[in-house]
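Numbering (our numbering), first residue to last: 13 to 303.
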């Protein structure tokens, strides 16, 4: 795989690696005074009140967003976290990408949500691409957080290097119900690489087998690429879920496909910060979604 090279990036907090966990340097303050992110005396400027719909990714469910949603709500935002087909309490793993998309659209229309920021994480990026095609008039902005932005006719696994795709095909073939379960060593190295071992083990307890079929489906995205709605890409430097090399990775490989879009960056990995630093992640999502 491709190693993460810290020297290639300039972090807002130059001494980040020496900061105790739970502290965050907001980029809007001179001097980079650390502040405890569990303390709502964040000295953040007044925030525009927004409505967020947060769409989780693979090997997760709506509870993935619990900490982030709580922070956003505490700051006056409305937050919704739909559970889509084949995940959470839904035990039926024989689902398609269209079924997943429909469950999110049904959630939105049932609650008559409008003028919201639609956020997709990881596989959730493909979901918000298809949702945007069907309810574009309801969406204020799309935000992709280290998320797939597929080209027309692609599948998720088309964005994997050959060795990674082969591993997923083997995991799929070995299952009894056409699912893929992440082995802990893979989850630890690629999804929670900045977590401690104890944190990684705790987060792994919530990982369940992922329906395989939607990952291998080719998606018609012609309508998505005809849309002109505002878009943002949120990229975390240490996210190793996809190899970060030429022809692969989140940014700029995926983000550039959005055309004109806002880029927000942060220092984190694929899963850890939703649990360990939800206030930091919430602020980054806000920065990606605000006007």
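From the three backbone atoms N, C-alpha and C, an ideal C-beta is built for every residue, glycine too. The structure presented is a predicted model; accordingly, all values stated were derived computationally and were not measured.
In the DSSP assignment, residue 288 falls within the alpha helix (DSSP H) that extends over 284-288. Partner residues in the beta bridge of residue 66, as assigned by DSSP, are 131. Listed in chain order, the alpha helix (DSSP H) runs fully inside the stretch 148-197 are 174-186, counting runs of at least 4 residues.
In the three-state reduction of the DSSP assignment, residue 243 falls in the strand class, which pools E and B.
Sixteen is the threshold: since fewer than 16 other Cβ atoms of the shown chains lie within 10 Å of the Cβ of residue 259, the residue is exposed.
A direct Cα-to-Cα measurement between residue 127 and residue 301 gives close to 11 Å.
Rounded to whole angstroms, the gap between the alpha carbons of residue 222 and residue 159 is 17 Å. Beta-bridge partners of residue 274 (DSSP): 244.
Between residue 199 and residue 252, the C-beta gap is not smaller than 8 Å, which leaves the two residues out of contact.
Around the beta carbon of residue 268, fewer than 16 other beta carbons sit within 10 angstroms, so the residue counts as exposed. Separation of residue 290 and residue 79 (C-alpha to C-alpha, rounded to the nearest whole angstrom) is 5 Å.
In the structure shown, residue 222 falls within a strand segment according to DSSP collapsed to helix, strand and coil. The beta-bridge partner set that DSSP reports for residue 92 consists of 65. Apart from sequence neighbours up to five positions away, the residues of its chain that approach residue 146 with a beta-carbon distance below 6 Å are 117, ordered along the chain. Residue 220 holds the alpha-carbon nearest to the alpha-carbon of residue 103 among 64, 247, 220, 59.
Listed in chain order, the non-local C-beta contacts of residue 227 below 8 Å within the same chain comprise 70, 135, 167, 168, 169, 180, 192, local neighbours out to five positions each way being set aside.
Under the three-state reduction of DSSP output, residue 260 falls in the coil class, being neither helix nor strand.
Fewer than three beta-carbon pairs drawn from the stretch 176-190 and the stretch 149-159 are found closer than 8 Å, and the two stretches are therefore not classed as touching. Excluding its 5 nearest sequence neighbours in each direction, residue 239 has C-beta neighbours in its own chain below 8 Å: 144, 145, 148, listed in chain order.
In the three-state DSSP reduction, residue 98 falls in the coil class, being neither helix nor strand. Your pair residue 112 and residue 65 does not check out as a contact, with CB atoms roughly 14 Å apart and the cut at 8 Å.
When DSSP states are grouped into helix, strand and coil, residue 229 belongs to the coil group. Setting aside the 5 residues that flank it on each side, residue 277 is surrounded in the same chain by 247, 249, each with a C-beta closer than 7 Å to its C-beta; the list follows chain order. Secondary structure note for residue 85: its alpha helix (DSSP H) is the uninterrupted segment 78-86. Straight-line spacing of the CA atoms in residue 107 and residue 96 works out to 10 Å.
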